[in-house]
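Chains as they are written, first to last, in our numbering: chain B, 71 to 478; chain V, 71 to 478. The next block holds one structure in the form of structure tokens; read it before the comments.
There are 2 protein chains.
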Amino acid sequence: MISVAEAEALVMQHCVLQPAELCPLTEATGRVLREDLIADRDFPPFNRITMDGIALRYAAWDEGLRRFELTAVEAAGMPQTKLDDEHAAIEVMTGAVLPEGCDTVICVEDVSIETEGSRKFAVARESGAKKKFQFVHLQGSDRKAGDVLARQGAMMSAAEIAVAASVGKSPVLVSRVPRVAVVTTGDELAEVNAVPQPHEIRRTNGYAIHSLLSACRIPATLFHVRDNEDELRLKFSELLAAFDVLIISGGVSMGKKDYVPEMLTQVGVKKIFHGVKQRPGKPMWFGQSTEGKTVFALPGNPVSVMLCAVRYAVPWLLKSTGFETSAPLLARLVSDVCFASPLTYFPPVNISFGSDAVISATPYESNTSGDFAGLLACDGFLEIPESQPVFSAGAVFPLWLFRPLFSS
Amino acid sequence: MISVAEAEALVMQHCVLQPAELCPLTEATGRVLREDLIADRDFPPFNRITMDGIALRYAAWDEGLRRFELTAVEAAGMPQTKLDDEHAAIEVMTGAVLPEGCDTVICVEDVSIETEGSRKFAVARESGAKKKFQFVHLQGSDRKAGDVLARQGAMMSAAEIAVAASVGKSPVLVSRVPRVAVVTTGDELAEVNAVPQPHEIRRTNGYAIHSLLSACRIPATLFHVRDNEDELRLKFSELLAAFDVLIISGGVSMGKKDYVPEMLTQVGVKKIFHGVKQRPGKPMWFGQSTEGKTVFALPGNPVSVMLCAVRYAVPWLLKSTGFETSAPLLARLVSDVCFASPLTYFPPVNISFGSDAVISATPYESNTSGDFAGLLACDGFLEIPESQPVFSAGAVFPLWLFRPLFSS
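This is the structure:
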């Protein structure tokens, strides 16, 4: 059996980059950029006024002038005007272009207006102009035309979407999302809407994996196959033709009815590993076909499924879209953990944020690893190495979340 | 002008709870539960076998018996069998019901099989059975029928989805998502696909807000209106009839063309506040109609839009679905921040996670608050109170994210 680090390395080495596709901006949130976003103009593209007020020559102010005839009005969205009289001013609004001949804006609160017949004058307060280019966002001061703003590999948040819009990138080139089939196996599994027989339980693993992927914006299609060699072989063969990735639950242990690894092998999926020194999820199987179709075959225990999906399948899927996955989050153990087996231990944990900005993890106490209702009180799994039997409160370990963190 | 705390309180006091609706499980991730999830059966619903092997009476083992005739096979999904001969055993598989008359399972690795004609015997290793109910997940040991598993108000992660599936809740009752219109205003704004005139810039705020909401699984529809009183009045009136929430950008300052507050008032939206002692986002306007239609009118600066949407609109929207929003995340300042104005300061920050499990925030240095390309290097905003002019590295403040945190 291999270690968690070896399993992770093998999974990531067998990542298959998805092709790129064009995507409307309104559907691109959470997608991964496959082109650099380049400034097509300066940011801002002109000397942009940031306050309503009057635009004038600072030299005139400097000479002591405080009363300016208003010779024009320039609102946002109007072509640039020009100051013809260097002792006059132009009424301007936020978002407008700084008029030609002007270099300073005095805001509307620092100005009073006087009229003389059809003529209009602005009288400015002494504190009105503090410096040249006051209330002007200078052309190119944030970015220059040609600058690379965002690089491919970035996951698009509202910031990338806004910048893509600003440079006219709609549609934008992003990675195609892998096509994923989620397959549950097990004759004891009843439909969700059925009343189960006394010896049956309802299917939960397919929905759990579907939900995890959905939280990463990866749609998946659910299937169920009975514990029958012919049915498994046929369904796997069909699904490998139609999907990029299969995530299977159940049928991977050493039991009589654990047909999944053998049937995968028969339809051309080569085993990369079977068994990882971890709890939960020890019987996990991972393989790939020569065409790059990738199979995560997870044990049927719902807690194992959640851990294996979060620890291996989700990182593979994100990397397959070109996303540069960062180092995992880290969390601090709140209480001692004893775990004597020579396995990496992934206890489910509840996460909290203290006034010290530390991410704290409280292990969930459960009598069995099959207690998936216990996950309701948890946010993720801590990854505790196999190095020693006792880990003390205060130690810091990687954290794998199945529940997104919100800040609101 | 009111403080950030007062603005937040007013926004949250005017929250409108959305009605509940039924939702298929495969679409329920990220939605908010509006019914408790109750165990319809024990968890597990029967004494469930957790290893392939043989099931037997512990008393027989205790008497010294190590060789057991195998009188039946019980796979997962088969009705419960019965041990007729108390010195025999039944071959069992993971997920099967513990046979009547059995109380212990010895796993397949600890057993060798012998055949005598058509009869089959299992010979167990001395270490095979360590205790009664070994490898049996006892009925009701996790939860009892009737137990409340998850409560309304929970946001559905993979854990809630799995539990909902296990109790047959498909569809499941969740909050309807508010219908949101996002309206940009400003005559200087060109379409994303247009080549802007020299005095124009492309629309970005609508896409940014749309993306923020999309990250919270709240769809929104985009609109743009020119800086014209009649057009604004007409469009606001139409949108208030068709949507629950309007998020508007631009036109809320004190300038000549800032018609938005007045036009909202004219179509029956009552002002709740206008102006918040904060940077960015000071001119923000918030109001509500007597029918509960709610309007966030944000200043047009793209950084202000992002902050106001994350700080006020998103929490309102989440609360409107019945989600019990938790305290905000906290992050530790990496460098000193000087900010002398009597305003709450929200600098954009980049977040990092150190080996000490601390969330660190590095303020983004920018020459203007209009530098929205700078948000690409950031993850959220820190909320620094107006209490003093200098805040030292190491201090901890609330964190408002616009970029989701991943653990993989």
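Beta carbons are placed, not taken as given, at the ideal position from N, Cα and C, and that holds for glycine.
The three-state reading of DSSP puts Y434/B in coil, since its state is none of H, G, I, E or B. S390/B sits in a helix when the DSSP states are folded into three classes. For A98/V, the three-state secondary structure derived from DSSP is coil. Along the region 73 to 99 of chain B, the positions whose C-beta sits under 7 Å from a C-beta of chain V are L95, T96, T99, read in chain order.
Residue environment for C408/B: exposed (fewer than 16 other C-beta atoms within 10 angstroms of its C-beta). Taking F293/B as the centre and dropping the five residues before and after it, the same chain places the C-beta of A251, V252, V253, T254, G276, K305, L309 closer than 8 Å to its C-beta, in chain order. A direct Cα-to-Cα measurement between P266/V and G256/V gives close to 14 Å. Along the region 151 to 167 of chain V, the positions whose C-beta sits under 9 Å from a C-beta of chain B are E161, M163, T164, G165, A166, V167, read in chain order.
Taking all protein chains in view, the Cβ of G424/B is surrounded by fewer than 16 other Cβ atoms within 10 Å, so the residue is classified as exposed. For G276/V, no beta strand (DSSP E) encloses it; the enclosing alpha helix (DSSP H) starts and ends at 275 to 285.
DSSP places S307/B outside any beta strand (DSSP E); the residue lies instead in the alpha helix (DSSP H), whose first and last residues are 299 to 312. Only those residues of the region 437 to 455 of chain B whose C-beta falls short of 9 Å from the nearest C-beta of chain V are listed: N437, T438, S439, G440, D441, F442, A443, G444, L445, L446, A447, C448, D449, G450.
For L80/B, there is no enclosing beta strand (DSSP E); the enclosing alpha helix (DSSP H) has its first and last residue at 74 to 83. For I342/V, the uninterrupted beta strand (DSSP E) segment begins and ends at 339 to 344. In this structure, P241/V keeps its C-beta atom at 9 Å or more from the C-beta atom of I288/V. Assigned with DSSP and collapsed to three states, L259/B falls in strand. For L309/V, no Cβ of chain B is located within less than 9 Å of the residue's own Cβ.
Note on geometry: alpha-carbon atoms of L283/V and Y382/V lie some 12 Å from one another. Taken in chain order, the whole beta strand (DSSP E) runs of length 3 or more contained in the region 395 to 450 of chain V are 399 to 403, 418 to 423, 429 to 433. When A194/B, M354/B, R136/B, A90/B are compared, the shortest CA-CA separation from L243/B is found for A90/B. The beta-bridge partner set that DSSP reports for Q150/V is empty. Sequence-distant partners of Q209/B (beyond 5 residues in either direction) whose C-beta falls short of 8 Å from its own C-beta, in its chain, are D112, P114, P115, F116, N117, R118.
Between P350/B and S211/B a beta carbon distance of about 54 Å is seen, past the 8 Å cut, so the two are scored as non-contacting.
Going by DSSP, V143/B is part of the beta strand (DSSP E) stretching over 137 to 144. Under the Cβ criterion of 9 Å, I429/B is counted among the residues facing chain V. Selection F416/B, R402/B, G216/B evaluated against A463/B yields R402/B as nearest (Cα-Cα). Nearest CB-CB separation between F461/B and chain V: not below the 9 Å threshold. At a C-beta separation below 9 Å, E332/V has no neighbours in chain B, since its nearest C-beta there lies roughly 15 Å away.
In this structure, L368/B sits away from V233/V, with a CB-CB distance that is not shorter than 9 Å.
For S323/B, the three-state secondary structure derived from DSSP is coil.
Looking at the backbone, the Cα of P474/V and that of D449/V are separated by about 8 Å. R136/B and G357/V have their alpha carbons spaced roughly 39 Å apart.
About 17 Å separates the beta carbons of K363/V and M82/V, which is beyond the 8 Å limit, so they are not a contact pair. Assignment of E170/B by DSSP, reduced to helix, strand and coil, places it in the strand class. Listed by position along chain V, the residues whose Cβ is nearer than 8 Å to that of A145/B are D257, D297, K326, K327. For a Cβ distance threshold of 9 Å, residue set S436, N437, T438, G440, D441, F442, A443, G444 of chain B lies close to D212/V, ordered along the chain.
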